[in-house]
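What follows is a set of notes on a single structure, which appears directly below.
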Amino acid sequence: MNFGNYPTRKNRDFLATCVTEFEAKRTSHAENSSSRRQKSKKWTLPLDVNNVAACKIFFLDTLNISEARVITAIKKKLSGINFTSGDMRGRHHTGPTKNSIERDAVKAHIESFPTVESHYCRHNTHRRYLEADLSLHMMHRLYAEGRRNALSLTSYETIFYTEYTIGFHKTKQEVCDFRNTHLQAIKVDPNTNSPRGLPSTQGSC
């Protein structure tokens, strides 16, 4: 068992679960000779979904730890320290995390670019468009310049597509190419001998 590979918090959680300390039953002779309470420990190791009893030597040898480490874990448990809250050494929660700061920086950067309505999709009034000569790769490169903790391009794209309803303007040439491709796919109605499915002429070349 690679006990030493686990973080300190997980180690203490494990020891606090596997080792329990209780007051040993004292004989009348022990009561007369000393008033000091005698403590005993119950040592267990996990097997499948249950814990099975083990002797102290086997327990310590299996985990390759000292008894002092077990005693420390038990003392912390009895003192009321909550292991499951995490090892708080070196952590400070007085402000926002670096990741949240960078997310805000990404959003501020995206919002710094002017947007316009589409000239070709006026029916979609909620969607705004960036200039056609921009791209996410270009925007991310501008954002990341000089930032030590800049988020990745993937994170930038995720924020762009999930937080905003923004697209990139198609150039007039792109729209013309699309219309030409669409026109080639138009079928002639055999009943009227006229084209069907003709696209709107709004925004024509």
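Residue numbers for the sequence shown follow our numbering, beginning at 49 and rising by one.
Ideal placement from N, C-alpha and C gives every residue a C-beta, glycine not left out.
Distance CB(residue i)-CB(residue j) smaller than 8 Å
i, j, result
"W91", "F107", "yes"
"L201", "H217", "no"
"W100", "L63", "In the sequence as presented, Trp is not what sits at residue 100; that position holds Val. No, they are not a contact pair."
"L93", "T110", "yes"
"V67", "K87", "no"
Buried or exposed (CB count within 10 angstroms, at least 16 for buried), residue i
i, result
"K104", "exposed"
"N98", "exposed"
"I158", "buried"
"N59", "buried"
"E211", "exposed"
"L95", "exposed"
"L126", "exposed"
Residue from the options with nearest C-alpha to residue i
i, options, result
"F161", "E150, I214, F62", "I214"
"I122", "R57, R175, D181", "R57"
"K146", "Y177, V164, T65, N197", "N197"
"V154", "L199, V164, H174, A180", "L199"
"Y177", "Y209, G194, K124, D152", "Y209"
"H174", "D181, K124, M186, T163", "T163"
"Y191", "D152, D61, S114", "D152"
"V65", "N112, K124, S114", "Note that residue 65 corresponds to Thr in the displayed sequence, not to Val. It is K124 whose Cα lies nearest to the Cα of T65."
"I207", "E193, G194, A180, A156", "A156"
Under the three-state DSSP convention, the category residue i falls into
i, result
"T254", "Because the chain in this structure spans residues 49 to 253, residue 254 falls outside the shown range and cannot be described."
"S203", "helix"
"A266", "Nothing can be reported for residue 266, as the shown portion of the chain is limited to 49 through 253."
"Y212", "coil"
"T145", "coil"
"F107", "helix"
"T92", "strand"
"R176", "strand"
"E71", "strand"
"K58", "helix"
For residue j and residue i, believed in contact at Cβ under 8 Å, the rounded distance
i, j, result
"L184", "E205", "6 Å"
Cβ of residue i within 8 Å of any chain D Cβ
i, result
"K90", "Protein chain content of the structure displayed is limited to a single chain, and chain D is not contained in it."
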